[in-house]
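Below is one structure, written out as structure tokens; comments come after it.
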Amino acid sequence: MAEYINIKGQSIEVVASDPANPTLGQIWYNSTSNTLKGGSVTTTGTWATGGNMGTARRDLGGTGTQTAALAISGSTNPNTPSNLSEEYDGSTWTAGGTMATSRQRVGSFGTQTAGVGAGGYNVSGSPSYDMNNVEEYDGSTWTAGGNLGTARYAQSGAGTLTAGLISSGGANATGSVNVATEEYDGTSWTAGGNVATGRRFLAGGGVQTAAVIFGGIKSGSPAFADNTEEYNGSSWTSGGNLNTARTGLGGCGTQTAALGYGGNTPPITNATESYDGTSWTTLPGTLATARERVTLGPVGTQSSALLFGGFTGTAYSNATEEWTGAGAPVTKTITAS
-1 MAEYINIKGQ SIEVVASDPA NPTLGQIWYN STSNTLKGGS VTTTGTWATG GNMGTARRDL
59 GGTGTQTAAL AISGSTNPNT PSNLSEEYDG STWTAGGTMA TSRQRVGSFG TQTAGVGAGG
119 YNVSGSPSYD MNNVEEYDGS TWTAGGNLGT ARYAQSGAGT LTAGLISSGG ANATGSVNVA
179 TEEYDGTSWT AGGNVATGRR FLAGGGVQTA AVIFGGIKSG SPAFADNTEE YNGSSWTSGG
239 NLNTARTGLG GCGTQTAALG YGGNTPPITN ATESYDGTSW TTLPGTLATA RERVTLGPVG
299 TQSSALLFGG FTGTAYSNAT EEWTGAGAPV TKTITAS
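What follows is the structure, encoded as structure tokens:
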């Protein structure tokens, strides 16, 4: 019978515990579990449960990565604007600094230690329904940034603290939408190109010179949007349509590798779609909990995303889910066939 060393030119390593980061094709024997194992990759993307936030909320901002995320403000039950922030390390949420101004439906971008919360909405109308003030986070404290040129809420964000982007969003308390884009340099905002379809509660991702937006709720009929737009730093052009029009969805990634999930179609959905820069594909991996009015900022990538908070239709959520896309490393136990 052929031996592995003769086939592959190497012996099988004996270890007491599995390697932390196995490579594709790597083989080892786990002497603790007495099993033969190998490194493989996932064939489909999946959502898994993460640590719960300290405070359940919807209409919140968010930014960062799956292992270093920032949750920004939002609304707590019953529809009360919040000034709280929380930080995620890949397993646990801890309290961060409080914002100077409570708000919900805030636009957001940046990182956990260099985040931006721009604009938003205050249901009480104090200081105003639509807000133009901006706050910046350094990992512990929020400080005032430059004000937006146009007050807005439920808008999309992309980029970094010193090269950020805010686009579209709600224009006033009546539900009108805004088509304007503004670009941030860490100090002040300048006008960018207008989106073709104004909308609020949309999702997006990317960077200041290569952003993407999709979904949301627009003026007119049908109200729920399925269209995608791509930004090149000066103007927006049409991309491929979502398979399912939806509002209040989460999203992240880049212009050529985006992910959209959850939202209201109606009804509230747990569906996930991926974008390759041309077309959207509905994926088999679905959220454990269908929800809408989730994070308004991009958190993570198409292969490693994070979703937290939102509204299930009956309750404000504090649940977190972590997405692992197809092609991620995974350990498989090898058995005789």
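Going letter by letter, the sequence shown gives residues -1 to 335 in our numbering. C-beta: ideal position from N, C-alpha, C; glycine also. As the structure is a prediction and not an experimental result, all values here were calculated from the model.
Whole-angstrom C-beta distance between residue j and residue i, which should lie under 8 Å
{"i": "Gly59", "j": "Leu294", "result": "5 Å"}
{"i": "Asn262", "j": "Arg244", "result": "6 Å"}
Euclidean distance between Cα positions of residue i and residue j
{"i": "Tyr273", "j": "Leu146", "result": "30 Å"}
{"i": "Arg55", "j": "Tyr135", "result": "20 Å"}
{"i": "Gly137", "j": "Gly214", "result": "30 Å"}
{"i": "Ala317", "j": "Phe306", "result": "6 Å"}
{"i": "Ala142", "j": "Val175", "result": "26 Å"}
{"i": "Gly36", "j": "Gly311", "result": "43 Å"}
{"i": "Ser73", "j": "Glu290", "result": "13 Å"}
{"i": "Ser106", "j": "Thr160", "result": "13 Å"}
{"i": "Tyr2", "j": "Glu11", "result": "For Tyr2, the predicted model reports a pLDDT of 48, less than 50, meaning its position is unreliable and no value from the coordinates is stated."}
{"i": "Gly204", "j": "Ala189", "result": "18 Å"}
{"i": "Gly7", "j": "Ala18", "result": "Caution is warranted here: a pLDDT of 49 is assigned to Gly7, below 50, making its placement in the model unreliable, and the coordinate value is therefore given only provisionally. About 23 Å."}
{"i": "Ala14", "j": "Leu304", "result": "32 Å"}
{"i": "Gly323", "j": "Gly275", "result": "17 Å"}
Beta-bridge pairing of residue i - partner residues as DSSP gives them
{"i": "Lys330", "result": "Gly36"}
{"i": "Ile164", "result": "Gly155, Glu180"}
{"i": "Ser106", "result": "Gly115"}
{"i": "Asn262", "result": "Thr245, Ile266"}
{"i": "Asn28", "result": "Val13, Thr33"}
Of the listed residues the options, nearest to residue i (C-alpha basis)
{"i": "Gly113", "options": "Gly203, Gly157, Thr270, Pro20", "result": "Gly157"}
{"i": "Thr279", "options": "Val175, Thr242, Gly118", "result": "Thr242"}
{"i": "Trp91", "options": "Asn176, Ala66, Asn75, Gln300", "result": "Ala66"}
{"i": "Thr270", "options": "Gln253, Glu133, Glu320, Asn120", "result": "Glu320"}
{"i": "Asn268", "options": "Asn28, Ser38, Thr185, Trp45", "result": "Trp45"}
heavy atom of the ligand ATP below 7 Å from residue i C-beta
{"i": "Ala156", "result": "Because no ligand of any kind appears in the structure shown, any question about the ligand ATP cannot be addressed here."}
Three-state secondary structure assigned by DSSP to residue i
{"i": "Ala189", "result": "strand"}
{"i": "Phe199", "result": "coil"}
{"i": "Pro296", "result": "coil"}
{"i": "Asn131", "result": "strand"}
{"i": "Thr310", "result": "coil"}
{"i": "Asn81", "result": "coil"}
{"i": "Val13", "result": "strand"}
{"i": "Val205", "result": "strand"}
{"i": "Tyr2", "result": "Residue confidence for Tyr2 is low, a pLDDT of 48 falling below 50, so the modelled location carries little weight; the figure read from the coordinates is stated next. Note: Tyr2 maps to helix in three-state DSSP."}
{"i": "Thr280", "result": "strand"}
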